[in-house]
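Okay, structure first, notes after.
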Amino acid sequence: NAGVTQTPKFRILKIGQSMTLQCTQDMNHNYMYWYRQDPGMGLKLIYYSVGAGITDKGEVPNGYNVSRSTTEDFPLRLELAAPSQTSVYFCASNPGQPRDQPQHFGDGTRLSIL
Amino acid sequence: AQSVTQLDSHVSVSEGTPVLLRCNYSSSYSPSLFWYVQHPNKGLQLLLKYTSAATLVKGINGFEAEFKKSETSFHLTKPSAHMSDAAEYFCVVSFGGYQKVTFGTGTKLQVIP
Chain D
3 NAGVTQTPKF RILKIGQSMT LQCTQDMNHN YMYWYRQDPG MGLKLIYYSV GAGITDKGEV
63 PNGYNVSRST TEDFPLRLEL AAPSQTSVYF CASNPGQPRD QPQHFGDGTR LSIL
Chain X
83 AQSVTQLDSH VSVSEGTPVL LRCNYSSSYS PSLFWYVQHP NKGLQLLLKY TSAATLVKGI
143 NGFEAEFKKS ETSFHLTKPS AHMSDAAEYF CVVSFGGYQK VTFGTGTKLQ VIP
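So the protein sequences, as listed, match chains D and X.
Numbering of the first sequence is given in this note's numbering, commencing with residue 3 and proceeding in unit increments.
Numbering of the second sequence is given in this note's numbering, commencing with residue 83 and proceeding in unit increments.
Set out below in structure tokens:
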């Protein structure tokens with residue numbers, strides 16, 4: 003029972019490099035989300051998706067891109083890494099229906115930009 | 083606009099004593115509220131949720147929370163703290179659209195032996 007799986011768990015990037023954070027869920031959930039967590043700030047929504055082919059911006063989307071070609075996968079792309087993107091990134095999913103279901107989280111990707 | 087305020091960034095209790103983690107919310111609608119726990123280097127795990135049924139909600143590991151509409155509060159309690167409860171706790175409000183949520187800034191719970 004894998005749930006939400008994120009890879010890699012840790013990564014160090016140089017400024018200007020690009021990378022993709024992977025997220026896969028095996029619960030057939032329609033809704034998926036990407037958050038970043040910074041100390042003392044809680045979690046901030048970067049992007050979300052309500053189904054394959056449908057994505058939308060969250061609170062802090064600048065510097066990131068997403069795609070959703072399948073129900074299972076929701077990768078997050080950093081095109082030009084900047085030090086401000088040093089953070090812990092969490093992917094989450096939600097069935098969508100019935101309403102007010104909790105989100106299921108992966109274990110996170112810890113990313114440092116140097 | 084929806085918001086959630088966790089009133090304490092750090093709480094320290096002795097093992098075996100009660101735990102109280104405070105959360106106040108603001109919502110234009112009847113909210114759904116959640117408490118999550120995060121252990122070091124881990125993702126967030128659901129402790130309990132309130133979705134307009136009973137105002138006193140029981141969760142896992144002996145935690146419970148009471149929804150008080152008049153006080154716009156959803157405080158998390160546990161009668162007796164255990165060392166394994168040391169973690170960061172997040173109060174979360176759902177504002178319904180596509181199940182998006184707003185997180186509080188978190189409360190770190192320290193349990194002293």
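Cβ atoms here follow ideal geometry from the backbone N, Cα and C, with glycine treated the same way.
Which of the three DSSP states is assigned to residue i in this structure?
{"i": "Gly98 (chain X)", "result": "coil"}
{"i": "Asp58 (chain D)", "result": "strand"}
{"i": "Ser20 (chain D)", "result": "coil"}
{"i": "Ser89 (chain D)", "result": "strand"}
{"i": "Tyr180 (chain X)", "result": "helix"}
{"i": "Ser166 (chain X)", "result": "helix"}
{"i": "Gly110 (chain D)", "result": "coil"}
{"i": "Gly144 (chain X)", "result": "helix"}
{"i": "Ala94 (chain D)", "result": "strand"}
{"i": "Asn67 (chain D)", "result": "strand"}
{"i": "Gly53 (chain D)", "result": "strand"}
{"i": "His121 (chain X)", "result": "coil"}
{"i": "His92 (chain X)", "result": "strand"}
{"i": "Arg104 (chain X)", "result": "coil"}
{"i": "Gln103 (chain D)", "result": "coil"}
{"i": "Thr187 (chain X)", "result": "coil"}
{"i": "Leu116 (chain D)", "result": "coil"}
{"i": "Phe12 (chain D)", "result": "strand"}
For residue i versus residue j, is the C-beta distance shorter than 8 Å?
{"i": "Tyr33 (chain D)", "j": "Tyr50 (chain D)", "result": "yes"}
{"i": "Leu23 (chain D)", "j": "Leu78 (chain D)", "result": "yes"}
{"i": "Thr154 (chain X)", "j": "Asn123 (chain X)", "result": "no"}
{"i": "Gln84 (chain X)", "j": "Ser108 (chain X)", "result": "yes"}
{"i": "Val119 (chain X)", "j": "Leu103 (chain X)", "result": "no"}
{"i": "Gln192 (chain X)", "j": "Ser94 (chain X)", "result": "yes"}
Note down the Cα distance separating residue i from residue j, rounded to an integer number of angstroms.
{"i": "Pro52 (chain D)", "j": "Ser96 (chain X)", "result": "It should be noted that the sequence gives Val, not Pro, for residue 52 (chain D). Approximately 44 Å, taken between the alpha carbons."}
{"i": "Gly60 (chain D)", "j": "Leu138 (chain X)", "result": "32 Å"}
{"i": "Arg70 (chain D)", "j": "Ala54 (chain D)", "result": "5 Å"}
{"i": "Leu116 (chain D)", "j": "Thr133 (chain X)", "result": "43 Å"}
{"i": "Val68 (chain D)", "j": "Phe116 (chain X)", "result": "27 Å"}
{"i": "Asp167 (chain X)", "j": "Pro100 (chain X)", "result": "12 Å"}
{"i": "Pro63 (chain D)", "j": "Phe76 (chain D)", "result": "15 Å"}
{"i": "Pro104 (chain D)", "j": "Ser114 (chain X)", "result": "10 Å"}
{"i": "His106 (chain D)", "j": "Leu126 (chain X)", "result": "8 Å"}
{"i": "Ser110 (chain X)", "j": "Phe149 (chain X)", "result": "16 Å"}
{"i": "Arg13 (chain D)", "j": "Leu113 (chain D)", "result": "5 Å"}
{"i": "Lys160 (chain X)", "j": "Gly144 (chain X)", "result": "6 Å"}
{"i": "Lys182 (chain X)", "j": "Lys11 (chain D)", "result": "25 Å"}
{"i": "Asn30 (chain D)", "j": "Pro100 (chain D)", "result": "14 Å"}
{"i": "Ser176 (chain X)", "j": "Lys140 (chain X)", "result": "19 Å"}
{"i": "Ala169 (chain X)", "j": "Thr57 (chain D)", "result": "32 Å"}
{"i": "Tyr91 (chain D)", "j": "Asp28 (chain D)", "result": "19 Å"}
{"i": "Ile17 (chain D)", "j": "Ser91 (chain X)", "result": "32 Å"}
{"i": "Asp109 (chain D)", "j": "Gln87 (chain D)", "result": "18 Å"}
{"i": "Gln19 (chain D)", "j": "Ala84 (chain D)", "result": "8 Å"}
{"i": "Ile1 (chain D)", "j": "Met21 (chain D)", "result": "Nothing about residue 1 (chain D) can be reported from this structure: the residues present for chain D run from 3 to 116 only."}
{"i": "Tyr36 (chain D)", "j": "His164 (chain X)", "result": "Correcting the residue identity first, residue 36 (chain D) is Trp in this sequence and not Tyr. Distance between the alpha carbons of Trp36 (chain D) and His164 (chain X) is about 32 Å."}
{"i": "Lys151 (chain X)", "j": "Ala136 (chain X)", "result": "12 Å"}
{"i": "Phe172 (chain X)", "j": "Leu15 (chain D)", "result": "29 Å"}
Check the Cβ-Cβ distances between residue i and every residue of chain B, and say whether any is below 8 Å.
{"i": "Gly44 (chain D)", "result": "No chain B appears in this structure, whose protein chains are D and X."}
Within the present structure, is the beta-carbon of residue i separated from the nearest heavy atom of the ligand FAD by less than 7 Å?
{"i": "Glu170 (chain X)", "result": "With respect to the ligand FAD, the structure shown offers nothing to examine, as it has no ligands at all."}
Worksheet item: Are the stretch 42-51 of chain D and the stretch 180-195 of chain X touching by the rule of at least three beta carbon pairs closer than 8 Å?
Response: yes
Worksheet entry | Contact the stretch 6-20 of chain D vs the stretch 88-95 of chain D: 3+ CB pairs below 8 Å | yes
Worksheet item: When Cβ atoms are compared, which residues of the stretch 63-89 of chain D fall closer than 9 Å to chain X?
Response: none
Worksheet item: For the stretch 5-38 of chain D, which residues have a CB atom closer than 7 Å to at least one CB atom of chain X, in sequence order?
Response: Tyr33
Worksheet item: Using Cβ-Cβ distances below 8 Å, what residues of the stretch 97-117 of chain X are close to chain D?
Response: Ser114 and Phe116
Discussion item. Residues of the stretch 149-181 of chain X in Cβ contact with chain D at a cutoff of 8 Å, in chain order, please.
Written reply: Phe172, Ser176, Gly178, Tyr180 and Gln181
Item to complete: Name, going along the chain, the residues of the stretch 129-145 of chain X whose beta-carbon falls closer than 7 Å to a beta-carbon of chain D.
Response: Lys131 and Thr133
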